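As structure tokens, the structure follows; a few thoughts come after it.
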Amino acid sequence: MTKADNLKSAVALAYLEADVAPRVVAKGRGVIAEEIISRAREHGVYVHESPELVALLMQVDLDDRIPPQLYVAVAELLAWLYRIESGGSNETPPLFKGPAHPIRPDQAVNSP
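Going by the UniProt record's numbering, the first residue of the sequence shown is number 1, and it counts up by one from there.
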């Protein structure tokens, strides 16, 4: 295990209706991750902690769409956030159960 493996990681996603899938708009480890999290919280953006999901999203290049194998997990999280922001429920966030299908290294990045 390297020193980099012990650093906190963070990934920020953005999703617009015109997009086919959410895009990775920021990612980093250590100080960069802390800055991403800090700025998100400063702007009232929900920060979801899921090391497994973050590890998979860290493989996606900046401004690339998430891979299809993560659509369900990310869609469940976005739907939950929408319900919360709409004054819906107090339910807990969905748990990441892993990708719908294994992600091979050549599938990790889904370019635009």
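We treat Cβ as the ideally placed atom computed from N, Cα and C, and that holds for glycine.
Predicted, not measured: the structure shown is a model, and the values here were computed from it.
Leaving aside the five residues before and after residue i along the sequence, list all residues of the same chain whose C-beta is less than 8 Å from its C-beta, in chain order.
i, result
"Leu-57", "Val-11, Leu-13, Val-24, Lys-27, Ile-66 and Leu-70"
"Ser-9", "Lys-27, Gly-28, Arg-29, Ala-33, Pro-51, Val-54, Ala-55 and Met-58"
"His-43", "none"
Would you say residue i and residue j are within 8 Å of each other, going by their C-beta atoms?
i, j, result
"Ala-55", "Val-47", "no"
"Pro-22", "Val-72", "no"
Straight-line CA distance for residue i to residue j?
i, j, result
"Tyr-82", "Glu-49", "17 Å"
"Leu-62", "Asn-6", "22 Å"
"Pro-68", "Tyr-15", "14 Å"
"Glu-85", "Asp-19", "21 Å"
"Val-45", "Asp-64", "21 Å"
"Ser-38", "Trp-80", "22 Å"
"Val-60", "Glu-17", "20 Å"
Within its chain, find whatever has a CB closer than 7 Å to the CB of residue i; leave out the 5 residues flanking it on each side and keep chain order.
i, result
"Ile-36", "Ala-10, Ala-12, Ala-26 and Gly-28"
"Val-31", "none"
Among residues of its own chain, excluding the 5 on either side of residue i, which ones have a beta-carbon nearer than 6 Å to its beta-carbon?
i, result
"Gly-87", "none"
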